[in-house]
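Each residue of the sequence shown is one higher than the last, beginning at 0 in numbering that gives the first Met the number 0. For glycine and all other residues, C-beta sits at the position ideal for the given N, C-alpha and C. Since this is a predicted model, take the numbers as computed values, not measurements.
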Amino acid sequence: MSKRMLSIVGAAAGIAPILIAVLPTATASAHGYVSSPLSRQAQCAQGQVSCGDISYEPQSVEGPKGLKSCGADKYPELDDDSKGWKVQDVGSKVDFTWTNTAQHRTSDWQYFIGDTEVAKIDGKNELPGATVTHSVDLSKFSGKQKLLAVWNIGDTVNAFYSCVDLNIGGGGSGGGTTTTAPSTTAPAPTTSTQPTTSAPATTSHEHPTTSVQPSTSSQPTSSSQPTTSSQPTTSSAPTSAPAGQAWKQGGDYKIGDTVTYEGAQYKCLQSHTAHDPGWTPSATPALWQKV
């Protein structure tokens, strides 16, 4: 073999380890959070509590497995018990619904009250759906409790964390009742018991247009629409919002904008740019409300 050929082979062999060294390690591309009963980051997303950046991405509370932190040791505001989190009345058996904006193979889901693991659900290393609901028995507990829910990803070292503040035995049932958007961002209907999937409460943003609307929803009253006949189709769309353009990734959306997605119409609850392809209106109730 010529000296020139030997030089080329040697150079190629020297590059190979460098390429291997710079290859990134696997990270979770999934995102998810407990949306019913409202987790702390869900309350942030709805503007019920001031929380900073996590308000815009409640699905991103990600950290190493094994933490006992509401904020995955990255969002300290979620671990601050003094911030006035709304405590939700539930019964002794509670349905917890995860909203997953991107799916990923799942090892398991765990639920803790204090240091006690109250439930563990096998994920079978399979991809979950856009929403996942677990019925958890909390009959051994009563009164105000902080529950930590953990989604352990199957093929990475990371997990997603959500904390939910509950009043167990407080008269509620299922996934709780506090699922409507704050009045400052959308005239959300006052009823929340008609899910379209197994999730009992996350679909409060997906009520039909016949839901009860605030008396101000049809203003101005000087318009030509009688309040007794035309309100169901117009009551939840601000007059300044776009007329139902199709949702698209990368779009910039402001509070009150309306879009269409998969044949349904949605109203924007939080100003944002749809960077993530998983931030579709049907998968992100913190950002969109079905009208």
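- Inter-residue distance for Ser141 and Thr259 is about 43 Å (C-alpha atoms, whole angstroms).
- Scanning the stretch 91-117 for uninterrupted beta strand (DSSP E) segments of 3 residues or longer gives 92-101 and 105-112, listed from N- to C-terminal end.
- With a threshold of 16 other beta carbon atoms within 10 Å, Asn157 meets it and is buried.
- Rounded to the nearest whole angstrom, the CA to CA distance from Ala245 to Gln45 is 23 Å.
- By the neighbour-count criterion, in which a residue is buried when 16 or more other Cβ atoms sit within 10 angstroms of its Cβ, Lys253 is exposed.
- Shown here for Ala282: same chain residues with a beta carbon closer than 6 Å to its own, the five before and five after excluded, namely Thr100 and Ala129 in chain order.
- Contact fails between the stretch 33-41 and the stretch 105-119, because fewer than three Cβ pairs, one in each stretch, are under 8 Å apart.
- Taking C-beta separations shorter than 6 Å and ignoring five residues to either side along the sequence, the partners of Asn124 in its chain run Arg104 and Gly153, following chain order.
- Our two residues, Pro63 and Val290, have alpha carbons roughly 38 Å apart in a direct line.
- If only complete runs of 3 or more residues are kept, the stretch 109-161 shows the beta strand (DSSP E) at 115-125, 130-136 and 142-152, in order along the chain.
- The DSSP-derived three-state label of Tyr260 is strand.
- Beta-bridge annotation (DSSP): Cys267 is paired with Trp287.
- Between the stretch 41-57 and the stretch 74-86 there are three or more inter-stretch CB-CB distances shorter than 8 Å, so the stretches are counted as touching.
- Leaving aside the five residues that flank Ala263 on each side, the residues in its chain whose CB is nearer than 7 Å to its CB run, in chain order, Lys289.
- With respect to the C-alpha of Leu137, the residue from Asp121, Pro127 and Ile167 having the closest C-alpha is Ile167.
- For Gln45, there is no enclosing alpha helix (DSSP H), as DSSP gives it neither H nor E.
- Our two residues, Gly243 and Trp278, have alpha carbons roughly 17 Å apart in a direct line.
- Bounds of the beta strand (DSSP E) holding Pro63 are Glu61 to Pro63.
- Note that the C-beta distance between Thr155 and Val131 is not below 9 Å.
- If you check the CB distance, Cys69 and Ser161 come in under 9 Å.
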